[in-house]
Amino acid sequence: MMDDVEMKSSDLDTKTRLITFENGLLNKADGSANVNGPIETRVQNEKFDQAVVEVQLRSASGVSGTSDRWLEHSLESVFTTEILVYMHPRTRIKLNFVILNDDGGVESAAINAGCMALINAGVPLSNMICAVTAAINKDNSIVIDPTQEIIDGSDSCHTFAFGISESDSPVYVNSVGTFSKEQVRKKK
Numbered sequence: 001m002m003d004d005v006e007m008k009s010s011d012l013d014t015k016t017r018l019i020t021f022e023n024g025l026l027n028k029a030d031g032s033a034n035v036n037g038p039i040e041t042r043v044q045n046e047k048f049d050q051a052v053v054e055v056q057l058r059s060a061s062g063v064s065g066t067s068d069r070w071l072e073h074s075l076e077s078v079f080t081t082e083i084l085v086y087m088h089p090r091t092r093i094k095l096n097f098v099i100l101n102d103d104g105g106v107e108s109a110a111i112n113a114g115c116m117a118l119i120n121a122g123v124p125l126s127n128m129i130c131a132v133t134a135a136i137n138k139d140n141s142i143v144i145d146p147t148q149e150i151i152d153g154s155d156s157c158h159t160f161a162f163g164i165s166e167s168d169s170p171v172y173v174n175s176v177g178t179f180s181k182e183q184v185r186k187k188k
């Protein structure tokens, strides 16, 4: 468990919400993320030289929409590139996500939960990834880990995922809204 972290700066709010993680075997898979695999896949879906990565996302309410399908596709893309799929040909690795609560930052939370679930399941990864969401407000201030209320009132919202490597380049970026290059490149 990690305590809330707060750093002071005139134009950068880095206070984040509490993050908790529990690992181990689950009696029933009802958490925010879990992994099944590598497991056998149907012949018509298998790839002879690598594992197939599947992502299933559902909300606690059971109702899903277009944005959920888009997020599924994004998560599948991120994890297909980070899982060493060539080590398990003709198999399937399935990640199941349940959105228990969405108060902003669900995309970065899903990436972080998925990475932790893959590590816990012993699935080999090329990189351990970590994601964060940031919002740029109308006054050009940046809020890290914004709530949905802050996102709704901001000019733009950005999700970045980084791997542990020599490069500062993100492995995933999603930006929504109006912003300039200078705003995104702003550092504390």
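Per the UniProt record's numbering, numbering through the sequence shown is continuous, rising by one, with the last residue being 188.
Yeah, the Cβ is synthetic: ideal placement off N, Cα and C, and Gly gets one too.
Other residues of its chain near residue i: CB distance less than 7 Å, five sequence neighbours each side excluded
i, result
"LEU84", "PRO124, LEU125 and SER126"
"ALA121", "VAL35"
Alpha-carbon to alpha-carbon, residue j and residue i
i, j, result
"PRO146", "ILE99", "17 Å"
"SER10", "LYS138", "Unreliable placement is indicated for SER10, whose pLDDT of 45 sits below 50; the coordinate value is still reported in the next sentence. Spanning the two alpha carbons is a distance of roughly 15 Å."
"THR80", "SER64", "23 Å"
"SER108", "SER61", "20 Å"
"GLN56", "CYS115", "15 Å"
Start-to-end residues for the alpha helix (DSSP H) that takes in residue i
i, result
"ALA51", "Run containing ALA51: none; DSSP gives neither H nor E here."
"LEU75", "66 to 82"
"ILE19", "Unbroken run through ILE19: none, as it is neither H nor E."
"VAL63", "First-last for VAL63: undefined, no H or E at that position."
Same chain only: Cβ atoms within 8 Å of residue i, ignoring 5 sequence neighbours per side
i, result
"SER156", "ALA135, ILE136, SER175, VAL176, GLY177, THR178, PHE179 and GLN183"
Endpoints, beta strand (DSSP E) assigned at residue i
i, result
"ILE39", "33 to 40"
"LEU95", "91 to 99"
"VAL132", "129 to 136"
Local Cβ density within 10 Å of residue i, reported as buried at 16 or more and exposed below that
i, result
"VAL112", "Note on identity: in this sequence residue 112 is Asn, with Val being the wrong assignment. It is buried - the Cβ of ASN112 has at least 16 other Cβ atoms within 10 Å."
"GLU72", "buried"
Residue i: CB within 7 Å of a non-hydrogen atom of the ligand ADP
i, result
"ARG58", "The ligand ADP is not part of the structure shown, which contains no ligands of any sort."
Own chain partners of residue i with C-beta closer than 6 Å, once the 5 adjacent residues on each side are dropped
i, result
"residue 191", "The requested residue 191 does not occur in the structure, where the chain is confined to residues 1 to 188."
Within the stretch 138 to 185, note down every full beta strand (DSSP E) run reaching 3 residues or more, in order along the chain. Runs of the beta strand (DSSP E) lying entirely within the stretch 138 to 185 and spanning at least 3 residues, in chain order: 142 to 144, 156 to 163 and 172 to 177.
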